[in-house]
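Below is one structure; the comments refer to it alone.
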Amino acid sequence: MSDPLTIALPKGRVSEECLPLLAAAGIVPLDDPRTSRKLILETNVNGLKLIILRAADVPTYVQYGAAELGVTGKDVLMEHGGDGIYEPLDLGIARCRMVVAGREHAPPVEGRLRVATKYVNCTRRYYAQQGMQVEIIKLYGSMELAPLVGLADRIVDLVDTGNTLKANGLTPLEHIADISSRLIVNKAAMKMKHARVKHFIELLRAARETGRQVTDI
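Take a look at the structure:
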């Protein structure tokens, strides 16, 4: 029997865009992740299952070996740090940008800049590289509100079209990183289950590049 593999997928947009890619690689869950309440999903491939997680938890599950592989955004990896993980493939899905945003014609900030974000580690590193110490306020959503009510001078967040920023009188001021979803692999699994993990990576690479249907996994 082939080495069993577990793939961690995040809930939401990334999962929805990843499922067609997995299907092109010949991997189809037996239950629909969009409607099933199951968190562990068997697939049509013997010995391969999917687990459905919060996006921020995917790197942790892969790092500690609860899943051999995972799919998650580059933003999540940047915030996590990537310890114990290989990042062999950019899947090219769920593309967006991480930016610093604020009011376009706001007056100069006196004193230490206050930045609202859920990406505390990314934000701290970004400003440290510029030699700046900033006050970081951690939020979990509705970042655009923070500058409007005086909670923060800037926000660090992901931007796709920029329409939400514009609707709230904000604009991107600085570009931090281009973001897309990545395939990640547990370092120990890459050694212990090398043949099957490597084969899966190449099947997914072929599916991404050509869209061809492959079933030999």
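Under the numbering used here, think of the first position of the sequence shown as 15, with each following residue one higher.
Just so it is clear, CB atoms sit at the ideal spot from N, CA and C, and this is done for glycine as well.
Specify the secondary structure class of Thr137 as computed by DSSP and reduced to three states. Correct three-state label for Thr137: helix.
Integer-rounded CB distance, given that Ala22 should sit under 8 Å from Ile65: The C-beta distance from Ile65 to Ala22 rounds to 5 Å, short enough to fall under 8 Å.
Roughly how many angstroms separate the alpha carbons of Ser194 and Gly164, rounded to a whole number? Those two C-alpha atoms are separated by around 31 Å.
Taking all protein chains shown into account, decide if Met15 is buried (16 or more other Cβ within 10 angstroms of its Cβ) or exposed. For Met15, the predicted structure reports a pLDDT of 43, less than 50, and the residue's modelled location is therefore unreliable. The matter cannot be settled from this model.
Suppose contacts are defined by Cβ-Cβ distances below 8 Å. Is Gly84 in contact with Tyr75 by that definition? Cβ atoms of Gly84 and Tyr75: closer than 8 Å.
Is Ala203 helix, strand or coil by DSSP? Helix.
If you run the structure through DSSP and keep just helix, strand and coil, what is Pro102? Shown here, Pro102 sits in a strand according to DSSP, grouped into three states.
From the DSSP output, in three-state form, read off Ser50 for me. In this structure, Ser50 counts as coil in the three-state DSSP scheme.
Asn200 and Gly125 closer than 8 Å at C-beta: The answer is no: Cβ separation not under 8 Å.
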